[in-house]
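**Student:**
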Amino acid sequence: MGQPSFQASNALIYVTYGLFLYGYLHMFSVPSCYTGHEPVPHLEDALTTWMYSIIGTGIAWRMRNQSKGEFLAALPLALNFIASAMGSGILFSYPELATISGVQGVVTYALASSLPLFVFATLGPIIRRKCPEGFVLTEWTRQRYGLIASLYLSFMTLVTLFLYMVSELSAIGQVVSALTGLKGLPVMIVQCVVTTIYTSLGGFKISFITDNLQGALVLGLIVIATICVGVETKIDRSLIESSGLTKANLLGWQLLYILPVAILTNDFFLSSFWLRTFASKTDRDLRIGISIAFVAILIILTLVGCAGLVSAWAGTWPGPDNAAGSVAFFLLLEQLPSWVVGIVLVMTVTLSTAAFDSLQSAMVTSASNDLFRNRLNIWFIRGGVVLIIIPVIVLALKAPSILQIFLISDLVSAATIPALIVGLSDRFYFWRGFEVVVGGLGGILCVFIFGTVYYGDALKGAQLILLEQGLYQNDWSAFGAFVAAPFGGLLSGCLALAFRVGFTWARARLTGRRFDAFDRPADYLARQASDDDEVIVEPTEHMEPGIAKKHGKFF
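According to full-length UniProt numbering, the sequence shown holds residues 1 to 555 in order.
1) Looking only at its chain, what residues have a beta carbon closer than 8 Å to the beta carbon of GLY319, apart from the 5 residues adjacent to it on each side?
2) Tell me which residues share the same chain as ASP475 and place their Cβ nearer than 7 Å to its Cβ, disregarding the 5 neighbours each side in the sequence.
3) To which residues of the same chain is THR302 closer than 8 Å at the C-beta, ignoring the five residues directly before and after it?
4) Whole angstroms is fine: what's the gap from TYR455's alpha carbon to ALA478's?
5) Rounded to whole angstroms, what is the Cα-Cα separation between GLY181 and ALA171?
6) Count the other C-beta atoms from every protein chain shown that fall within 10 angstroms of the C-beta of LYS234, then say buried if there are 16 or more, exposed otherwise.
7) Indicate the three-state DSSP secondary structure (helix, strand or coil) for MET27 in the structure shown.
8) Just mark ASN80 as buried or exposed, buried being the case when its beta carbon has 16 or more other beta carbons within 10 Å.
9) Just the C-alpha distance for ARG509 and ASP426, rounded to the nearest angstrom, thanks.
10) If you measure between the beta carbons of SER326 and GLN174, is that distance less than 9 Å?
11) Where does TRP379 sit, in a helix, a strand or coil, going by DSSP?
12) According to DSSP, is ALA178 helix, strand or coil?
13) Rounded to whole angstroms, what is the Cα-Cα separation between CYS446 and ALA149?
14) Could you tell me how far apart the beta carbons of LEU97 and GLY305 are, in whole angstroms, since I believe they sit closer than 8 Å?
15) What are the start and end residues of the alpha helix (DSSP H) that includes SER413?
16) Can you find the residues in the same chain that come closer than 6 Å, C-beta to C-beta, to ALA296, ignoring five residues on each side of it along the sequence?
17) DSSP three-state call for TRP505: helix, strand or coil?
18) Does the stretch 160-168 come within contact of the stretch 402-422, defined as at least 3 CB pairs closer than 8 Å?
19) How far does the alpha helix (DSSP H) with LEU270 in it reach, from first residue to last?
20) Since ASP357 is in the alpha helix (DSSP H), which residue starts that stretch and which ends it?
21) Would GLU435 and ARG500 qualify as a contact pair, given that the criterion is a beta-carbon distance under 9 Å?
22) Any chance the stretch 264-284 sits against the stretch 356-366, with 3 or more Cβ pairs inside 8 Å?
23) Answer with buried or exposed for ILE126, where buried requires no fewer than 16 other C-beta atoms within 10 angstroms of its C-beta.
24) Does DSSP put PHE555 in a helix, in a strand, or in coil?
25) Short of 8 Å in beta carbon distance, which residues of its chain neighbour ARG287, apart from the five on each side in sequence? Order them along the chain.
26) Would you report the Cα separation of GLU139 and LEU371, rounded to the nearest angstrom?
27) So for ALA485, helix, strand or coil by DSSP?
28) Who are the near neighbours of ILE290 in its chain, counting only those whose CB is closer than 7 Å to its CB and skipping five residues on each side?
29) Taking only the alpha-carbon atoms, compute the straight-line gap between ASP285 and PRO260 and give it to the nearest angstrom.
30) In the structure shown, what three-state DSSP assignment does GLU38 receive?
31) Can you give me the C-alpha to C-alpha distance between ALA279 and ARG129, rounded to a whole angstrom?
32) Run the CB neighbour count on ILE408, radius 10 Å, all protein chains shown included, and call it buried at 16 or more, exposed below.
33) Looking at the structure shown, is ASP475 part of a helix, part of a strand, or coil, going by DSSP?
34) So which of ALA216, ARG432 and PHE482 has the shortest CA-CA distance to GLY552?
35) If you drop the 5 nearest sequence neighbours on each side, which residues of the same chain put their C-beta closer than 8 Å to that of ALA323?
36) So what's LYS247 in DSSP terms, helix, strand or just coil?
Put into structure tokens, the structure is as follows:
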């Protein structure tokens, strides 16, 4: 088995983490006389080398005075989107789905993960014109639907980021255990400490830089793994037919609906995508960057997913221990020389660290901007995120499946987003925040109702919200859940609209108050000075970029 020794494994892991801090302590130390806001010299030269690239803290220190108004051109933007779409969790979820649904599932998953990026190329410019101050979706939501709807979306966004942080730590813990036999807990803790230090120094801009590193590492990891697997792995052709992985199957057809809905709606919740969308230099750069990212992500995820197929056909999965499909990639790596495993380990640790700092930065930015309007000292926000990391680590240790965590997050977004994006169309000017909130909660309730009817058991109906049964062939539960969530959300929103109109009409008749259920947003924003209970206008002095000046109407 190609597993590095105990000493080598520890050295590879913790030296890699140490390099993220090395730059600040040594290579990028700032002279005591430096107090200005001009950029520190030679940053560009430093970023050209591998060693300097992985030193996150050094870059963080140098980026600390850069503003939110700086923009990204097409190629850096593409690398940022590639990195935002990937973490070490892909090494588990894509091969696992390949062992369940075969070639059909791999192709569907890869396409469903890459194609939704074009939504940002389409909607990004529209939302930026509608909400020039905002750099995340919640700003547009605040302007369009009001404070309550914005807080609701912010909460769901933070829940999504929380789940992604759980999946990322769980993934790196399982990677370390699978490749080295070491316990994953110390690695999780060290990773959290390292990312907390350099993101605190550099702010959310540091994630833009480490994402370039992450994108390059993904490419390097795939190239090395592909070459080595191609040279070292022997496929038993008799297993190809008997495995059934090349044939169409029920789950494969279900995934044609489940995955596009799940991933498309979930991408809306990821602040990292919206930050990069609004950070694009021009709409043209955004389109080019996303097109490049689409091609790269499609190829990379297809290759990663194929690792599950190759593992099955090489006889390494499920093996004598009947291993889970999530470890198929690592069972394949066990057949390779230990030096290859060592390289993969270093790249995976670095990849996971870069992914986790993006999630951490996104959570800090979302909480500061959306919940506290940048009025609370940022260090209190960072302290709160550190406290949140504690339950993240606990759940990561117990997380049974990376794919299941992704699916839970996807189900929440599938229930919420359809009712939210109705307001993007000017034809539905009457759609308000009340419909968005009721629609999102109603979509989750509809999943419970469907599960109760499908299983004939209320407890199993509740468990379906957590998708505890996962994805299995000849089972319609997951498919039904992803049908119930979006369509149930839209239906609940329509019922909420009917209730709001009826209530407003009855109130107008009884009190003589003006009937305004179908007012256009511009109408009630124009009346803000005389109708303070309907529209809140925030002070504009000293307002941070990304803060909406007006609130839309909730009810």
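Glycine included, C-beta positions come from ideal geometry on N, C-alpha and C. For clarity, every value in this text was computed on a predicted model and none was experimentally measured.
**Tutor:** For this structure:
1) Translated into the one-based positions of the sequence shown, residue 319 becomes position 319. Around GLY319: LEU331.
2) Position 475 of the sequence shown, counted from the start, is the residue given in the question as residue 475. Same-chain partners within the cutoff: GLN469.
3) The residue you call residue 302 lines up with position 302 of the sequence shown. Annotation for THR302: VAL106, VAL107 and ALA110 place their beta carbon closer than 8 Å to its own, counting only its chain and skipping 5 residues before and after.
4) Locating residue 455 in the sequence shown gives position 455, where the first residue counts as 1. Locating residue 478 in the sequence shown gives position 478, where the first residue counts as 1. Each residue's alpha carbon lies about 12 Å from the other.
5) Here residue 181 corresponds to residue number 181 of the sequence shown, with the count starting at 1. Here residue 171 corresponds to residue number 171 of the sequence shown, with the count starting at 1. Approximately 14 Å between the Cα atoms of the pair.
6) Indexing the sequence shown from 1 puts residue 234 at position 234. With a threshold of 16 other beta carbon atoms within 10 Å, LYS234 falls short and is exposed.
7) Position 27 of the sequence shown, counting from 1, holds the residue named residue 27. Because MET27 carries a pLDDT of 42, less than 50, the predicted location of this residue cannot be relied on, and no value is offered for it.
8) Walking along the sequence shown from the start, residue 80 turns up at place 80. Classified as buried, ASN80 has 16 or more neighbouring CB atoms from the shown chains inside 10 Å of its CB.
9) Position 509 of the sequence shown, counted from the start, is the residue given in the question as residue 509. Position 426 of the sequence shown, counted from the start, is the residue given in the question as residue 426. Straight through space, the alpha carbons of ASP426 and ARG509 are spaced by roughly 28 Å.
10) Residue 326 sits at position 326 when you count from the first residue of the sequence shown. Residue 174 sits at position 174 when you count from the first residue of the sequence shown. Contact: yes.
11) Locating residue 379 in the sequence shown gives position 379, where the first residue counts as 1. In this structure, TRP379 counts as helix in the three-state DSSP scheme.
12) Translated into positions along the sequence shown, residue 178 becomes position 178. Of the three classes helix, strand and coil, the one that applies to ALA178 here is helix, per DSSP.
13) Your numbering for residue 446 matches position 446 in the sequence shown. Your numbering for residue 149 matches position 149 in the sequence shown. Rounded to whole angstroms, CYS446 and ALA149 show a C-alpha spacing of 20 Å.
14) Locating residue 97 in the sequence shown gives position 97, counting from the first residue. Locating residue 305 in the sequence shown gives position 305, counting from the first residue. Cβ atoms of LEU97 and GLY305 come within 8 Å of each other, at about 7 Å.
15) Numbered from its first residue, the sequence shown carries residue 413 at position 413. Start and end: 402-421.
16) Against the sequence shown, residue 296 aligns to sequence position 296. Hits under 6 Å: ILE82.
17) Against the sequence shown, residue 505 aligns to sequence position 505. Judged by DSSP in its simplified three-state form, TRP505 adopts helix.
18) Enough Cβ pairs lie closer than 8 Å, so yes.
19) As a working note, residue 270 is residue 270 in the sequence shown. No alpha helix (DSSP H) contains LEU270, which DSSP labels as neither H nor E.
20) Locating residue 357 in the sequence shown gives position 357, counting from the first residue. Taken as a continuous stretch (DSSP letters only), the alpha helix (DSSP H) holding ASP357 covers 338-366.
21) Within the sequence shown, residue 435 is the residue found at index 435, counting from 1. Within the sequence shown, residue 500 is the residue found at index 500, counting from 1. A Cβ-Cβ contact shorter than 9 Å links GLU435 with ARG500.
22) Touching, per the Cβ criterion.
23) Residue 126 sits at position 126 when you count from the first residue of the sequence shown. Exposed is the call here.
24) As a working mapping, residue 555 is identified with position 555 in the sequence shown. Shown here, PHE555 sits in coil according to DSSP, grouped into three states, outside any helix or strand.
25) Counting from 1 along the sequence shown, the entry for residue 287 is found at position 287. Within the same chain, ARG287 has close Cβ partners ALA121.
26) Within the sequence shown, residue 139 is the residue found at index 139, counting from 1. Within the sequence shown, residue 371 is the residue found at index 371, counting from 1. When the Cα atoms are used, GLU139 and LEU371 turn out to be separated by approximately 11 Å.
27) Position 485 of the sequence shown, counting from 1, holds the residue named residue 485. Per DSSP, reduced to three states, the secondary structure at ALA485 is helical.
28) Within the sequence shown, the letter at position 290 stands for residue 290. Excluding the 5 residues flanking it on each side, ILE290 has same chain C-beta neighbours closer than 7 Å at PHE81, LEU117, PHE118, PHE120 and ALA121, in chain order.
29) One-based indexing of the sequence shown puts residue 285 at position 285. One-based indexing of the sequence shown puts residue 260 at position 260. Their backbone Cα atoms lie some 25 Å apart in a straight line.
30) Numbered from 1 along the sequence shown, position 38 holds the residue referred to as residue 38. In this prediction, GLU38 has a pLDDT of 37, which is less than 50 and means its spatial position is unreliable; nothing more can be read from the coordinates.
31) Here residue 279 corresponds to residue number 279 of the sequence shown, with the count starting at 1. Here residue 129 corresponds to residue number 129 of the sequence shown, with the count starting at 1. ALA279 and ARG129 have their alpha carbons spaced roughly 14 Å apart.
32) Numbered from 1 along the sequence shown, position 408 holds the residue referred to as residue 408. Buried, because 16 or more other Cβ atoms sit within 10 Å of the Cβ of ILE408.
33) Stepping through the sequence shown from its first residue, residue 475 is reached at position 475. For ASP475, the three-state secondary structure derived from DSSP is coil.
34) As a first step, residue 552 is located in the sequence shown; it is residue number 552 there, counting from the start. Ranking ALA216, ARG432 and PHE482 by Cα distance to GLY552 puts ARG432 first.
35) What you label residue 323 is simply residue 323 of the sequence shown in a count that begins at 1. Hits under 8 Å: TRP317 and LEU331.
36) The sequence position of residue 247 within the sequence shown is 247, counting from 1. The answer is coil: DSSP assigns LYS247 none of H, G, I, E or B.
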